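So the structure is just underneath, and the comments pick up after that.
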Amino acid sequence: MENGSKAGPQAAGKPCSVAVKRVYAAVSPGDGFRVLVDRLWPRGLSKEKAKIDLWLKDAAPSHELRVWFDHQPGRWPHFLRRYRLELQANSRSGAAFERLKLLVRENPRLTLLFGAKEEHMNNAVALKRFLDDAAPFSTP
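Everything in the sequence shown is counted per my numbering, starting at 26 for the first residue and increasing by one.
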């Protein structure tokens, strides 16, 4: 796992493509820079097989929020709100989110990886939404 990026800075006006993918899915060359955004390492998956460029566990929701959410569809809107507040209020989480925004600026393709079985309501999907809300990603 490296802590840098694979590509140079994005050209102005050319946004990064951010994808979300289950970490157990097959690795693809189109994944680009692969970032695991879970607090816990995926069960039964070796680091070699995962092919992760960066494990950004501080970008994951707190243990308490993750347990409360429990991938219950009715809690999704509240989870999004509480997760965003966590990212804003916690200096480690906020720094991790800022790191994600920097990676978006530096890479033509970024894939946020998650381990949950639920593919549509999880922290990686939420982070992608937050990154999309923070666009455009031009270098200051």
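Glycine residues also receive a C-beta, built at the ideal position from the N, C-alpha and C atoms. In this text, all values refer to a predicted model and were calculated from it rather than measured experimentally.
Classification of serine 84 by the beta-carbon crowding that lies within 10 angstroms, buried from 16 upward: If you number the sequence shown from 1, residue 84 lands on position 59. Here the sequence assigns alanine to residue 84, which means serine is not the residue at that position. With 16 or more other Cβ atoms from the protein chains shown falling within 10 Å of its own Cβ, alanine 84 counts as buried.
Per-residue burial, glutamate 123 [other beta carbons within 10 Å of its own, 16 or more giving buried]: Walking along the sequence shown from the start, residue 123 turns up at place 98. Per the 10 Å Cβ criterion, exposed.
Contact between the region 144-157 and the region 67-74 (3+ Cβ pairs under 8 Å): Contact between the region 144-157 and the region 67-74 is absent: fewer than three C-beta pairs spanning the two stretches fall below 8 Å.
Status (buried if at least 16 other CB within 10 Å, exposed otherwise) for histidine 110: Start at 1 with the first residue of the sequence shown, and residue 110 comes out as number 85. Looking at the sequence itself, residue 110 is leucine, so the reference to histidine does not match. With fewer than 16 Cβ atoms within 10 Å of its Cβ, leucine 110 is classed as exposed.
Within 7 Å, strictly: CB atoms of valine 62 and leucine 128: The sequence position of residue 62 within the sequence shown is 37, counting from 1. The sequence position of residue 128 within the sequence shown is 103, counting from 1. No.
Environment of aspartate 95 [buried if 16+ CB atoms lie within 10 Å]: As a first step, residue 95 is located in the sequence shown; it is residue number 70 there, counting from the start. It is exposed - the Cβ of aspartate 95 has fewer than 16 other Cβ atoms within 10 Å.
Valine 60 and leucine 79 closer than 7 Å at C-beta: Taking the sequence shown and counting its residues from 1, the one referred to as residue 60 is at position 35. Taking the sequence shown and counting its residues from 1, the one referred to as residue 79 is at position 54. Inclusion of valine 60 and leucine 79 in the CB contact set at 7 Å is warranted, their separation being smaller than that value.
Opening and closing residue of the alpha helix (DSSP H) in which arginine 130 lies: Position 105 of the sequence shown, counted from the start, is the residue given in the question as residue 130. Residues 116-131.
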